[in-house]
Amino acid sequence: DTAVSQTPKYLVTQMGNDKSIKCEQNLGHDTMYWYKQDSKKFLKIMFSYNNKELIINETVPNRFSPKSPDKAHLNLHINSLELGDSAVYFCASSHPPSDRDYSETQYFGPGTRLLVL
Amino acid sequence: AQSVTQPDIHITVSEGASLELRCNYSYGATPYLFWYVQSPGQGLQLLLKYFSGDTLVQGIKGFEAEFKRSQSSFNLRKPSVHWSDAAEYFCAVVPRLIAGGYNKLIFGAGTRLAVHP
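Protein chains in written order, with this note's numbering: chain A, -4 to 112; chain B, 133 to 249.
Structure representation (structure tokens):
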């Protein structure tokens, strides 16, 4: 009954490789997110998709390419991995943002710990 | 500049003692306010949130937070800490939505809580 799941949990790879991280949610949400947590635990949003459409794209190198094959999945592909990409990547999901006077709660996955050697 | 500040990087308390974790924000309009907890090696779990109304918000695990507009603060409290509360605590905001706005969580740097027996 996992709500937001990510695979793999751990990923160790060499510089220059290409890798993908997968995220799936079974909460029926339309909106999904990728966040990056660096070695100092600082969390920052990278991307957000709403109903398979990209709605947030922060200043992330274009080596990072999100793909949303359907509303329940948001994958993150990283080309030409660099040492600085080592981090924990969190996927999250929520109902879509609206103009009502509240913010939709985001539910987070367990994270994917990426180590680039 | 718009920001979320958690002034305390580390806090250590004794089991059974009370706890207060500080959070200040700097936004023109009061944002939506959240507290998340991250246990070691785990994802983020929502403790509580404030959108409007009663300024004292009750959350899970015995936590509460008080919104003070005059101080731009949203401090997290717990009257009696348990050893299992040792974790990283993140204050986060979503700036008030404008038409077509996006549900982007902006995190503070986190406060690491250690609990002594």
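By construction, the Cβ of each residue, glycine as well, lies at the ideal position given by its N, Cα and C atoms.
1) Report the neighbours of residue 138 of chain B on chain A: residues whose CB is nearer than 9 Å to its CB, in chain order.
2) Straight-line CA distance for residue 231 of chain B to residue 112 of chain A?
3) Tell me residue 49 of chain A's beta-bridge partners as DSSP assigns them.
4) Hey, out of B:245, B:237 and B:227, whose CA is closest to residue 158 of chain B's CA?
5) Going by DSSP in three states, residue 237 of chain B sits in which element: helix, strand or coil?
6) Using a Cβ-Cβ cut-off of less than 9 Å, list which residues of the segment 35 to 48 of chain A approach chain B; keep chain order.
7) Have a look at residue 74 of chain A and residue 13 of chain A and give me their C-alpha separation to the nearest angstrom.
8) In the structure shown, what three-state DSSP assignment does residue 193 of chain B receive?
9) DSSP three-state label for residue 150 of chain A, please.
10) Excluding the five sequence neighbours on either side, which residues of its own chain have a C-beta within less than 7 Å of the C-beta of residue 19 of chain A, listed in chain order?
11) Counting only Cβ pairs nearer than 7 Å, list the residues of chain A close to residue 175 of chain B.
12) Are three or more beta carbon pairs between the segment 167 to 184 of chain B and the segment 195 to 208 of chain B nearer than 8 Å?
13) Quick check on residue 216 of chain B: does DSSP put it in helix, strand or coil?
14) Where does residue 203 of chain B sit, in a helix, a strand or coil, going by DSSP?
15) Have a look at residue 46 of chain A and residue 87 of chain A and give me their C-alpha separation to the nearest angstrom.
16) Taking C-alpha atoms, which residue in B:206, B:236 and B:161 lies nearest to residue 186 of chain B?
17) In chain order, what residues of the same chain have a beta carbon less than 8 Å from the beta carbon of residue 189 of chain B, not counting five sequence neighbours either side?
18) Quick one: give me the first and last residue of the beta strand (DSSP E) that residue 186 of chain B is part of.
19) Does residue 241 of chain B get closer than 8 Å to chain A when you measure Cβ to Cβ?
20) Say whether chain B places a C-beta atom closer than 8 Å to the C-beta of residue 16 of chain A.
21) Which residue marks the beginning of the beta strand (DSSP E) containing residue 168 of chain B, and which one marks its end?
According to the structure data:
1) Neighbours of residue 138 of chain B on chain A: none; closest Cβ ~11 Å, over 9 Å.
2) Note that residue 231 of chain B scores 48 on pLDDT, short of 50, meaning its location in the model is unreliable; the coordinates nonetheless yield the value given after this. Distance between the alpha carbons of residue 231 of chain B and residue 112 of chain A: 44 Å.
3) A:44
4) B:227
5) coil
6) 35, 36, 37, 38, 39, 40, 43 and 45
7) 4 Å
8) helix
9) Absent from the structure is residue 150 of chain A, since the part of chain A shown begins at -4 and ends at 112.
10) 0, 67 and 68
11) 85, 103, 104, 105 and 106
12) yes
13) helix
14) helix
15) 14 Å
16) B:206
17) 180, 181, 182, 196, 197, 198 and 199
18) No beta strand (DSSP E) holds residue 186 of chain B; DSSP gives it neither H nor E.
19) yes
20) no
21) 164 to 170
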